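S.K.: For what it's worth, our numbering labels the leading residue of the sequence shown as 264, then goes sequentially. Here a beta-carbon is modelled for each residue, glycine too, at the ideal position from N, C-alpha and C. Because the structure is a prediction, the values reported are computed rather than measured.
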Amino acid sequence: PERMIRLAVWGMLPKNRLGRKLIKKLKVYTGPSHPHEAQQPQAFKLLEKYS
């Protein structure tokens, strides 16, 4: 599932140096545990047929 999210975001970014820089900063976590508790990130649920 993390690859699907990464590819979806990559499709929305410009295909140049800036897009490559931004995609490197993207953090995708598969489980509920992550080191960013202070920022209150939102969970994204996928349909069962895709996961």
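May I ask which residues mark the beginning and end of the alpha helix (DSSP H) holding GLU265?
M.R.: 265-275
S.K.: Take TRP273 and list the residues in its own chain whose beta-carbon comes closer than 7 Å to its own, dropping the five residues that flank it on each side.
M.R.: Result list for TRP273: ILE286, in chain order.
S.K.: Of all the options ALA271, LEU276, ALA306, MET275, which has the alpha carbon lying nearest to the alpha carbon of THR293?
M.R.: ALA306
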